[in-house]
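In our numbering, the protein residues as written are 16 to 233.
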């Protein structure tokens, strides 16, 4: 009877074996996923700042093609150009190169470089073959705004130009031409800016002139 009971106990025991869930086949997809994650991290961590430009006309501006330059050096590219929600302006999204954040300040200026004819002659002839591009004039003061206006022509004077800015108003007289020098006898004193009409008066903005303590305009 004892032998029978011992045999019965031994036959009732179940052997438990561990099931192998891991297989060398998983090595390849795991390594591929890790490499893909590293590539994405490297791409986004090395991207430059995004810039939003607002203009009334995107003539000559193409996403993925139009370059942004500063002092004839490529510093970014336009990514897209779409209409604003109110359909009155064009919103341009651009991406600067990595490390170009230092070019952006509150007084940074963007404008389109393309062939133009003015009093000083023809400018932008180099874009006839290469196409229009956006010039960036680096700023020096203030924090980065949410968006920048995109000008159709270069500014008449840089934000840090030495001198003073004067607003002149008169009721009669011929129109002032933007870019024309303001002069006193035998001496140029400044550059006239854009003309603005307000009621019956005409105002002229002298955007840059030499420092003079006593100046009379007529």
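Backbone N, C-alpha and C define an ideal beta-carbon position, used for all residues, glycine too.
Only a predicted model underlies this, so the values are computations on that prediction, with no experimental measurement involved.
At least 8 Å separates the beta-carbon of residue 147 from that of residue 50. Contact fails between the region 103-118 and the region 41-55, because fewer than three Cβ pairs, one in each stretch, are under 8 Å apart.
Residue 150 is positioned such that its CB atom lies closer than 8 Å to that of residue 169. With respect to residue 110, residue 94 sits close: the two C-beta atoms are nearer than 8 Å. Between the region 97-104 and the region 55-65 there are fewer than three inter-stretch CB-CB distances shorter than 8 Å, so the stretches are not counted as touching. Taking 8 Å as the cut-off, the Cβ atoms of residue 73 and residue 45 do not count as close. Judged by DSSP in its simplified three-state form, residue 160 adopts coil rather than helix or strand. For residue 55, the secondary structure class from DSSP, reduced to helix, strand or coil, is helix. A straight line joining the alpha-carbon of residue 157 with that of residue 123 spans about 9 Å. Beta-carbon to beta-carbon, residue 112 and residue 91 are separated by about 6 Å, close enough to satisfy the 8 Å threshold. In the three-state scheme derived from DSSP, where H, G and I count as helix and E and B as strand, residue 73 is classed as coil.
Rounded to whole angstroms, residue 171 and residue 126 show a C-alpha spacing of 12 Å. Pairing residue 162 with residue 68 gives a Cβ-Cβ distance under 8 Å.
Rounded to the nearest whole angstrom, the CA to CA distance from residue 129 to residue 96 is 18 Å. Comparing alpha-carbon positions, the option among 87, 114, 48, 39 lying closest to residue 64 turns out to be 114. Residue 144 has its alpha-carbon roughly 33 Å from the corresponding atom of residue 155.
Taken atom to atom, the span from the alpha-carbon of residue 87 to that of residue 40 is near 53 Å. In the structure shown, residue 117 adopts helical secondary structure according to DSSP, grouped into three states.
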